[in-house]
């Protein structure tokens, strides 16, 4: 595509970095999935929490999600991106140093996550749990990756940017934007920070981020990989290049709007919820554009799939993508969400996508790459076939069981008997019913891991056959002569004729900077249109005069709630449905959360909602329950939190934390400078009450009291009489 | 007076629809560009980019089974 007369450049590709990322993918895949198996066992039987504070479900679940998303899928993306970008651009990576910095920096962040999450350092935002020092490190490493990637584009020897690169560009740019804006927070300690957003706005930002993390970390990068590695493996070009462009732009424009579907029937303004639903339903089409394009690439070549485990992985992976991108829009419809939200249905949905799409695409890519990177034939094609069948069976067993669990849960929560009362008023009944499905998931997930281990063995055996030194072929390619014009298209003289010749768009494609700017504009404009109104239009979050900030002790208790990851199993958001108000109390109002930095609405109810927990049980109940949940409720699957009765409250740190909250605009005026003293006084009063109820003495300084104070406060403010004249904004809201 | 008061009274309720129209316009432009413009045939070559073999000085080792 370049001038033939130019002298050829001689260079080589950096495959060493690709090999590094490949091994990291495998390593973190094994680790992340094993942690997943552990937490699956914990739900089936709480004994697997091991009674240790570091290994409870609430602390390990974020470790699982972070490990499989950012460590396994992340390294898989980098692996395929470094391999394919160099070849598509006919250039070595911009800087070997930046490549190495990217690799080691990313692995260091993963190790830091694996240490800090079990220790309870978390921001309490799903898939953005890592605390601020690691957030900064992520931003730095990501920027290094971006410089390396765009630097390579700048030095490319192929004018046209193949569509896979477009997907990479969109991913790199958007992930940076999402990461930075969702993680804005004020540090209160070396590993503790408070989100600058509160309540409804924090929820909005989080799910804008959360949904687009799915879009731009697990979807667009992997579509890019699909567009490179599927044609390579099938040895034929993609079905329709034009369709790939069409669905690229549609995806980029639409995905960014879809986040609010995670918040249907919550205190989010209804217009935002509806907007999110509409864009989610529209997303079905561009998503299926990608699926159809992938599957039809194999048209007329299906006989190859019979013999080739790589194509088998790709076909099932792309099919899983199609299934989950049909299911996603369906789940985003409000009436479907009403049943599915907070249930295991969502877990089944994400595992169809993660195990099927991300997992299988990665496995197919690695089996294709291994012989090329290790310069030796794959050790066993039969083992790869075996891996495929074990993984497929494991995947199906996992998702079928958990779909069944999710629907069962949803139906039991909303069931009324003939007298008009809840049929299953005791939440634990709806949990006990799920245990057979939870055990089936353990088996299904276990099989998937067995398949992965077969692959590890196969790769190690292949690697052992590598040559003593790897060949590094010298590639010859003509430099990109910038002065050489594009092949001239017939262009008329009128403005219209020039416009219709579409040279302008062709030029964009050759200008990565302009292209990147256009992608960024698409993402940023959509985000602003959707997010700004909740920040700027006051009627979106009506205030309630009786809602006041947490006391210093309650704030300390809230931080313990965050540390233990209670939000992983308990929501704090009652939806305006009769079955929910019957079970939990008055539905939640936006104005109740104005001091919640961060919001703790949760996304799942493995245990009951806690939004109106305050005053439901005596203090002693909470002490006993946290010490050993099964002593109160024998069927409970909650882990024990006996360490809260041993650990002392960090009274010295309370002052700083209250100060940071005050900086964020929480009216703590009366408590500034006296926070620790106030906390001690409130703790003494609660401790005396616990003793009076027949409980243990000597808890005055223990963490359990702070947590109890927080739980007893939850949802009680709207029942109080406001101390000052109610403002106009304090009227009861309609939903 | 806060920024939120100004925005609250600015009558911006309809601007999501305007955004929708803008985005739909871009979508139509992309469709037209891909399927109806005179440049629509230029994508055949682009689709083959991943399959182009790089000329090398060293004969590459035999590739693994596929």
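Protein chains in written order, with my numbering: chain W, 4 to 738; chain P, 854 to 919.
Note that CB positions come from ideal geometry on N, CA and C, so glycine has one too.
As the structure is a prediction and not an experimental result, all values here were calculated from the model.
From the DSSP output, which residues share a beta bridge with residue i?
i                      : result
residue 909 of chain P : W:478
residue 419 of chain W : W:425
residue 12 of chain W  : W:480
residue 705 of chain W : W:651
residue 345 of chain W : W:607
Leaving out the 5 sequence neighbours to the left and right, which residues in its chain are closer than 8 Å to residue i when beta-carbon positions are compared?
i                      : result
residue 390 of chain W : 312, 366, 454, 455, 457, 458 and 461
residue 627 of chain W : 634, 635 and 698
residue 235 of chain W : 371
residue 143 of chain W : 108
residue 571 of chain W : 60, 61, 64, 65, 605, 607 and 609
residue 434 of chain W : 609, 610, 638, 639 and 640
Using a beta-carbon distance below 7 Å, is residue i in contact with chain W?
i                      : result
residue 899 of chain P : yes
residue 877 of chain P : no
residue 909 of chain P : yes
residue 887 of chain P : yes
residue 874 of chain P : no
residue 881 of chain P : no
Is residue j closer than 7 Å to residue i when the C-beta atoms are compared?
i                      : j                      : result
residue 155 of chain W : residue 78 of chain W  : no
residue 600 of chain W : residue 648 of chain W : no
residue 479 of chain W : residue 13 of chain W  : yes
residue 230 of chain W : residue 241 of chain W : yes
residue 577 of chain W : residue 590 of chain W : yes
residue 218 of chain W : residue 258 of chain W : yes
residue 447 of chain W : residue 514 of chain W : no
residue 714 of chain W : residue 616 of chain W : yes
residue 376 of chain W : residue 18 of chain W  : yes
residue 169 of chain W : residue 220 of chain W : no
residue 209 of chain W : residue 93 of chain W  : no
residue 226 of chain W : residue 368 of chain W : no
residue 76 of chain W  : residue 361 of chain W : yes
residue 703 of chain W : residue 687 of chain W : yes
residue 586 of chain W : residue 342 of chain W : no
residue 203 of chain W : residue 669 of chain W : no
residue 379 of chain W : residue 465 of chain W : yes
residue 260 of chain W : residue 533 of chain W : yes
residue 418 of chain W : residue 440 of chain W : no
Excluding sequence positions up to five away, which residues of its chain have a Cβ less than 7 Å from the Cβ of residue i?
i                      : result
residue 523 of chain W : 176
residue 67 of chain W  : 35, 38, 39 and 42
residue 436 of chain W : 411 and 415
residue 196 of chain W : 126, 134, 135, 188, 189 and 190
residue 641 of chain W : 49, 610 and 632
residue 249 of chain W : 292
residue 15 of chain W  : 95, 475, 476, 477 and 478
residue 719 of chain W : 617 and 618
Using a Cβ-Cβ cut-off of 6 Å (strictly less than) and excluding sequence neighbours within five positions of residue i, which residues of its own chain qualify?
i                      : result
residue 611 of chain W : 430
residue 896 of chain P : none
residue 267 of chain W : 276, 337 and 340
residue 595 of chain W : 550
residue 11 of chain W  : 479 and 481
residue 363 of chain W : 316, 319 and 320
Does chain P have any CB closer than 7 Å to the CB of residue i?
i                      : result
residue 486 of chain W : Residue confidence for residue 486 of chain W is low, a pLDDT of 46 falling below 50, so the modelled location carries little weight; the figure read from the coordinates is stated next. Closer than 7 Å: no.
residue 184 of chain W : no
residue 624 of chain W : no
residue 738 of chain W : Residue placement at residue 738 of chain W is flagged as unreliable, the pLDDT there being 38, under the threshold of 50; a coordinate-derived value is accordingly withheld.
residue 95 of chain W  : no
residue 250 of chain W : no
residue 81 of chain W  : no
residue 245 of chain W : yes
residue 240 of chain W : yes
residue 345 of chain W : no
residue 86 of chain W  : no
residue 492 of chain W : Low confidence applies here, because residue 492 of chain W scores a pLDDT of 49, under 50, leaving its location unreliable; read the following figure in that light. Residue 492 of chain W counts as touching chain P.
residue 256 of chain W : yes
residue 473 of chain W : no
residue 479 of chain W : yes
residue 476 of chain W : yes
Segments assigned alpha helix (DSSP H), at least 4 residues, entirely inside the stretch 47–128 of chain W = 60–69, 77–92 and 99–119
Report the residue ranges of all beta strand (DSSP E) runs contained in full by the stretch 162–239 of chain W; include only those spanning at least 3 residues, in chain order.
-> Listed in chain order, the beta strand (DSSP E) runs fully inside the stretch 162–239 of chain W are 188–192 and 195–198, counting runs of at least 3 residues.
Which full runs of the alpha helix (DSSP H) of 4+ residues lie inside the stretch 546–594 of chain W, going along the chain?
-> 555–566 and 581–587
Could you name each continuous alpha helix (DSSP H) segment of 4 residues or more that falls completely within the stretch 258–305 of chain W, going from the start of the chain to the end?
-> 273–299
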